[in-house]
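Here the sequence shown is numbered in the UniProt record's numbering, starting from 1 and rising by one per residue. Built from N, CA and C at the ideal position, the CB exists for glycine as well. In this text, all values refer to a predicted model and were calculated from it rather than measured experimentally. All remarks here apply to the structure that follows.
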Amino acid sequence: MLRRVESDRWQEALDVNPLYNGLVPEGGVPRFKMPTSPMNPSAAQALIRDELLLDGNARLNLATFCTTWMEPQARELITETLDRNLVDHDQYPRTADIEARCVNMLDHLWGDPNGVSVGCSTGGSSEAAMLGALAMKFQWRERRRAAGLSIDRPNLVMGTAVHTCWPKFCQYWDVEPRWIPIEEPAYTLSADRLAEFCDENTIGVIGVLGSTQCGKYDPIEQMSAELDRLEAERGLKIPLHVDAAVGGFITPFLEPDRVWDFRLPRVQSINTSGHKFGLVYPGVGWIVWQEPDALPQDLVLSCDLLGGNMDTFTLNFSRSGAPVVAQYYNFLRLGFDGYRAVQQTCRNVATYLGEEIAKLPELSIIADGSELPVLAVRTAPGYDGFTVFDLADRLKMHGWQAPTYYLPPNLEHIAVIRFVIRNGFSQDIAAKLLESVRTEVEYLRTNPVPRPRVAPEEPGVPTARRPR
């Protein structure tokens, strides 16, 4: 979000508690300009803490997938390693080695058949996703140039329920997005429609292991098979990238027999988020390529700026090693069985909530928590006594923060409220949420919200401007 302050507000000052008098500059503390004079460090800390009290309670935030709690030992390690510049392998070789160990652990977790994969950490799964897409674009460009063909019309095929980072990639790097609409009742794309959207200019296809909008898995194994068929019949060699930002730390532990990863030769690369169900504070992401050749050398730059000579292929440069150290702490601390126990608990809580909410006749479940520990809930088809936007507003009075939104085009007539169940969201907390939902559904049932009459919109026309 762009942050801009109108010039007539530049003179505003912070409200300062009288108890801080003598600890802050006499002229006050400007809100939008840097203070002229230093102040007492405890006073600066107190001013910021007072303002941050107005933020929401992170543990009651049902919108975010990001980790909101870590163990004290992990927080201590984060504090101790915030000054480590991850890109400086010459000065911090142990931190760099820890990053390499994490990449290898993920590579093994994701079914690499031969152990020759390459990868790295990133600032988050969005950066990791863009690196995967850039690698596909560069590969496509090299093949086209070698064949003497044009390179001015690349496209990327994906479902409409992808994360925001994917249209952002297409916009930033001049790639045409080709949208396969998600469909009921699966609320995912249909693999057998890939042939309609792929052609010689397709740089790759994106499969999502857990949509943040619907809480559903794309049929990745079927997508891989369809791309195999396209190559056999039409000669189209199109790689598959898996956006496992959410499911990459869920599926291997809870559904090890689900085939979605490097067990499929068509899967060229996988990204995930360490700060979602990887259980690390923001921000860390990961990207792994199944074969070294899948990472074009045009993406790799050699740098000797910090003393030693090293290769770099991320979008940024200097970055703290603390999130990587925190990820390694979780890998050692939890192991496979520990991660499985944490994720199973989250899923159990989510399915409990899904089963109970499904008993409310006014609501209908899209995602019941049986795949990702995520609930996506709509009002029952044909019910117009209230909307999920009304329910979210009522839940705020109990402290709950739950996002509401319309689904992508083709299903934009459906509005959804989402509940993300993260580590630390216990059965007791879930029971309190369920009590709040029941209370507010009963209130809205007996106090219907009046609605202006809205003419039906044409199919395919976005409903973002409808009253909420």
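What is the C-beta distance between tryptophan 260 and isoleucine 220, in whole angstroms, given that I count them as a contact (C-beta under 8 Å)?
4 Å
Return the chain-ordered ranges of every alpha helix (DSSP H) run that is complete within the segment 242 to 284 and spans a minimum of 4 residues.
251 to 254
Check each candidate in Leu444, Met397, Tyr329 and Phe419 and name the one with the smallest Cα separation from proline 72.
Considering only Leu444, Met397, Tyr329 and Phe419, the residue with the shortest C-alpha distance to proline 72 is Tyr329.
Anticipated Cβ contact below 8 Å, isoleucine 421 with alanine 350, distance rounded
4 Å
Indicate whether the contact test is met: 3 or more Cβ pairs, each with one atom in the segment 161 to 175 and one in the segment 334 to 350, closer than 8 Å.
no
DSSP puts glycine 204 in a beta bridge; with which residues?
Leu156
9 Å Cβ cutoff met for glycine 382 and proline 323
Not a contact, by the Cβ cut-off of 9 Å.
With glycine 278 and glycine 124 assumed to form a contact (beta carbons below 8 Å), what rounded beta-carbon distance in angstroms separates them?
Between glycine 278 and glycine 124 a beta carbon distance of about 11 Å is seen, past the 8 Å cut, so the two are scored as non-contacting.
Which of the three DSSP states is assigned to arginine 378 in this structure?
strand
Quick check: the segment 338 to 345 against the segment 242 to 261, are at least 3 beta-carbon pairs closer than 8 Å?
yes
Neighbourhood of alanine 388 by C-beta, 8 Å cutoff - its chain only, sequence neighbours within 5 removed:
The sequence given here has valine at residue 388, not alanine. Listed in chain order, the non-local C-beta contacts of valine 388 below 8 Å within the same chain comprise Val377, Arg378, Thr379, Thr404, Ala415, Val416 and Ile417, local neighbours out to five positions each way being set aside.
Would you kindly report the start and end of the unbroken beta strand (DSSP E) that includes tryptophan 179?
176 to 180
Please classify phenylalanine 331: is it buried, with 16 or more other beta-carbons within 10 angstroms of its beta-carbon, or exposed?
Phenylalanine 331 should be labelled buried.
Report, in whole angstroms, the separation of the C-beta atoms of cysteine 120 and threonine 314, which I expect to be a contact under 8 Å.
6 Å
Taking glycine 207 as the reference, give the member of Met34, Glu226, Gln297 and Glu200 with the closest Cα.
Closest option to glycine 207, Cα to Cα, is Glu226.
Is the Cβ-Cβ distance between threonine 95 and valine 325 less than 9 Å?
yes
What is the C-beta distance between tyrosine 187 and isoleucine 366, in whole angstroms, given that I count them as a contact (C-beta under 8 Å)?
6 Å
If you follow the beta strand (DSSP E) that aspartate 368 is part of, which residue opens it and which one closes it?
363 to 368
Whole-angstrom C-beta distance between valine 205 and leucine 240, which should lie under 8 Å
5 Å
Could you work out which residue in Phe32, Leu134 and Leu395 is closest to valine 300 when comparing CA atoms only?
Leu134
Identify, in the order they occur along the chain, each residue of the same chain with its Cβ nearer than 7 Å to the Cβ of leucine 82, setting aside the five sequence neighbours on each side.
Excluding positions up to five away in sequence, the list reads Ser320 and Ala322.
Identify every residue that forms a DSSP beta bridge with proline 113.
DSSP output for proline 113 lists no bridge partner at all.
May I ask which residues mark the beginning and end of the beta strand (DSSP E) holding glycine 132?
Not the beta strand (DSSP E): glycine 132 falls in the alpha helix (DSSP H), residues 125 to 146.
Should proline 448 go down as buried or exposed, given a rule of 16 or more other Cβ atoms within 10 Å for buried?
Flag for proline 448 reads exposed.
Coil, strand or helix - proline 448 by DSSP:
coil
Span of the beta strand (DSSP E) holding alanine 341?
For alanine 341, there is no enclosing beta strand (DSSP E); the residue is found in the alpha helix (DSSP H) stretching over 322 to 357.
Which residues in the same chain have their Cβ closer than 8 Å to the Cβ of arginine 465, if we skip the five residues on either side of it in sequence?
Low local confidence applies: a pLDDT of 31 at arginine 465 is under 50, so the model's placement there is unreliable, with the coordinate-based value given in what follows. Hits under 8 Å: none found.
Report the CB separation of isoleucine 203 from leucine 156 in whole angstroms; it is logged as a contact under 8 Å.
6 Å
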